[in-house]
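With our numbering applied, the sequence shown corresponds to residues 288 to 582, in that order.
Beta carbons are placed, not taken as given, at the ideal position from N, Cα and C, and that holds for glycine.
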Amino acid sequence: MKSATPNRREFLCVVAGCAAAASSGSCGDLTHSGFFQDRFRELSRAEIDQVLIRLEREHSERFGKECTVTATEPREDVEFGYALDISRCIGCRRCVQACVEENNQSRSPELQWIRVLEMDERHGIDFHYAEPYYDPEQVPQDGYFYLPVACQHCKNPPCVKSCPVGATWQEDDGIVVVDYDWCIGCRCCMAACPYGARHFNWKTPGISAEEVNPDMHYLGNRPRPVGVVEKCTFCIQRTREGRYPACVEICPVGARKFGNLLDPDSELRYVLEQKRVFVLKAELNTQPRFYYFMG
288 MKSATPNRRE FLCVVAGCAA AASSGSCGDL THSGFFQDRF RELSRAEIDQ
338 VLIRLEREHS ERFGKECTVT ATEPREDVEF GYALDISRCI GCRRCVQACV
388 EENNQSRSPE LQWIRVLEMD ERHGIDFHYA EPYYDPEQVP QDGYFYLPVA
438 CQHCKNPPCV KSCPVGATWQ EDDGIVVVDY DWCIGCRCCM AACPYGARHF
488 NWKTPGISAE EVNPDMHYLG NRPRPVGVVE KCTFCIQRTR EGRYPACVEI
538 CPVGARKFGN LLDPDSELRY VLEQKRVFVL KAELNTQPRF YYFMG
């Protein structure tokens with residue numbers, strides 16, 4: 288069966304065909320398709336509204352249920368940050384599953400934005416001894432601790448600098464986003480990310496109508512096409528509406544903290560000011576907004 292998503296060669300053929308048709312006066316507005324859409328950051332509010340209407344129609348038809356796609360903008364005086372208490376984390380991976388369900392990640396083939404690493408206490412945080420595929424009968428295991436890793440939403444993100452087409456950038460609230468319609472799948476950002484936090488869709492993502500989360504954000508959890516890179520967005524569809532990320536809500540031991548770095552009364556600021564925190568690979572000067580601590 289032929290894929291509904293054109294490949295690069297087919298796309299170039301469409302471009303050539305439409306260009307020829309336009310020159311003869313028989314081709315109308317080319318912006319009806321996501322392929323001809325301007326960069327998201329260059330769209331007017333009216334154009335964004337039209338894009339959202341199109342995506343809502345397409346996803347509703349695809350999944351047979353009403354889907355909404357928003358483009359909620361950053362709030363003023365908000366800079367999101369995350370803290371994780373590794374002394375509490377039990378390695379249950381409930382955060383991984385909640386993230387998959389909330390953010391419409393592919394089930395077949397399986398794709399996950401959060402990796403939980405099992406670390407040997409004898410070696411401390413040494414990625415040489417990290418085990419992402421641990422599978423004991425029960426967690427936590429004696430002699431081990433657990434280190435969840437996802438996008439660090441760095442203040443100095445190397446992934447953004449490496450993108451040759453400007454498909455990824457940092458928003459005013461600190462969230463590093465990806466415009467899936469502009470991503471060309473070159474994976475330069477994946478090579479640049481020192482945390483292994485970006486993931487490539489090698490095949491058309493598999494997600495059923497029963498599995499899909501119909502509440503979507505353009506820069507977040509809307510279903511992605513094959514051949515693009517995706518990552519954690521701090522659950523942008525939730526956090527910009529004043530809610531916690533799904534992984535924070537699901538954590539059974541309260542190991543995850545999320546909030547506004549600019550709010551002196553936030554729980555996150557309390558952690559940063561009262562606990563001994565650290566970031567991963569600080570020597571690289573990526574300046575993550577994701578902090579780890581021992582409670």
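- For Asp422, there is no enclosing beta strand (DSSP E), since its DSSP letter is neither H nor E.
- Uninterrupted beta strand (DSSP E) stretches at least 3 residues long and entirely within the stretch 342-385 occur at 355-357 and 367-372, given in chain order.
- The alpha-carbon separation between Cys382 and Val513 amounts to approximately 25 Å.
- Judged by DSSP secondary structure, Lys544 falls within the beta strand (DSSP E) whose first and last residues are Arg543 to Asn547.
- The closest CA to that of Phe521, considering only Arg576, Ala417 and Ser449, is found on Arg576.
- Of the other Cβ atoms in all chains shown, 16 or more fall within 10 Å of the Cβ of Arg509; this residue is therefore buried.
- Proximity to Val516 across Asp502, Thr491, Glu536 and Gly529 peaks at Thr491, based on C-alpha coordinates.
- Among the bridge pairs identified by DSSP, Trp456 is matched with Val464.
- Ile373 sits close to Phe432, with the two beta carbons spaced by under 9 Å.
- Cα atoms of Arg332 and Leu571: separation of roughly 37 Å, rounded to the nearest angstrom.
- Distance from the CA atom of Asp422 to the CA atom of His486, rounded to whole angstroms, is 22 Å.
- Residue pairing from DSSP leaves Asp550 without any beta-bridge partner.
- Taking the Cα of Glu554 as reference, the smallest distance to any Cα among Val535, Lys568 and Ala569 is reached at Val535.
- Of all alpha-carbon atoms in Met477, Glu343 and Gly351, the one lying nearest the alpha-carbon of Glu497 is that of Gly351.
- In the structure shown, Phe580 adopts extended strand secondary structure according to DSSP, grouped into three states.
- Under the 10 Å beta carbon count, Val356 is surrounded by 16 or more other beta carbons and is classified as buried.
- Sequence-distant partners of Arg341 (beyond 5 residues in either direction) whose C-beta falls short of 7 Å from its own C-beta are missing from its chain.
- Under the DSSP assignment, Pro445 falls in the alpha helix (DSSP H) whose first and last residues are Pro445 to Ser449.
- Per the DSSP secondary-structure output, His504 pairs in a beta bridge with Thr357.
- The closest CA to that of Gly529, considering only His346, Leu339, Val365 and Phe327, is found on Val365.
- Between Asn547 and Gly430, the C-beta spacing is not below 9 Å.
- Val436 has Arg402 as its beta-bridge partners, per DSSP.
- In this structure Val540 is exposed. Its beta-carbon is surrounded by fewer than 16 other beta-carbon atoms within 10 angstroms.
- With respect to the 9 Å criterion, Met581 and His346 are not classified as neighbours on the basis of their beta carbons.
- DSSP places Val535 inside the alpha helix (DSSP H), whose first and last residues are Ala533 to Ile537.
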